[in-house]
Structure formats: C-alpha cells, structure tokens
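Okay, structure first, notes after.
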Amino acid sequence: MKEQFVKWLNRILIFDVFLVIVGFLWFALAVIGESTGIPLGFKLFQRLWLPLFNPAISILIAGAIFSWAINQIQERWFPK
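Shown next as structure tokens:
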C-alpha cells in the first residue's frame, strides 16, 4: 500500500515539475515579448498565476517534503 502511494506521489510530482518548468519558460518568453512589444501571453500568464502556477509550486514543495518524510520514517522505523 505504501509503495503504491509513494509511486503515485512521485508520478504527480514529476508532472508538477514539468508544469512548473513550462510555466517558467512561458514567463521568461512573455517578459521578453512584453519588453519588445510582441504579445506572447504575459497578461494571460498573470491571470493564471494564482489559480494555476502558485498552487503547482506549492504542491511541488509540499510533495517533496512529504516524500522526504516518508523515506526518513521508513529508514528509521523499518530498516532494511
């Protein structure tokens, strides 16, 4: 049961990492476009920041801490 949970947690975190990376690349390109006058979706990125990217970053950090905690508990209480 624990192995399945950790497996799915890792899958969700991998997807979340790619979402955050794509968001960062989009932000970088949108800022460059905004400074040069080319519309590359900077205003759309700003509208999506709170409902999409902010929770994605929070889930990524929380999931990494949770995964670390599970591994630490497993190593200390159930040594191999």
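Numbers 1 to 80, taken from my numbering, label the letters of the sequence shown in order.
Backbone N, C-alpha and C define an ideal beta-carbon position, used for all residues, glycine too.
Model, not experiment: these values are computed from the prediction.
Task: I32 - DSSP class collapsed to helix/strand/coil - done: In the sequence shown, the residue the question calls residue 32 occupies position 32. Note: I32 maps to helix in three-state DSSP.
Open item on the list: Between F78 and chain C, is the shortest Cβ-Cβ distance under 7 angstroms, so that the two count as touching?
Closed with: Of the chains in the structure shown, none is chain C; there is only one protein chain.
Open item on the list: Assuming contact is defined by CB atoms lying nearer than 7 angstroms, are D16 and L52 in contact in what I supplied?
Closed with: Along the sequence shown, one-based indexing puts residue 16 at 16. Along the sequence shown, one-based indexing puts residue 52 at 52. The Cβ atoms of D16 and L52 do not sit closer than 7 angstroms to each other.
- [ ] Express the C-alpha separation of A28 and F5 in angstroms, rounding to a whole number.
- [x] Sequence index remark: in the sequence shown, residue 5 carries index 5 (1-based). Sequence index remark: in the sequence shown, residue 28 carries index 28 (1-based). Roughly 34 angstroms between the two C-alpha positions.
Open item on the list: Looking at the secondary structure, which residues open and close the alpha helix (DSSP H) in which P81 lies?
Closed with: Here the chain comprises residues numbered 1 to 80, so residue 81 is not present and cannot be evaluated.
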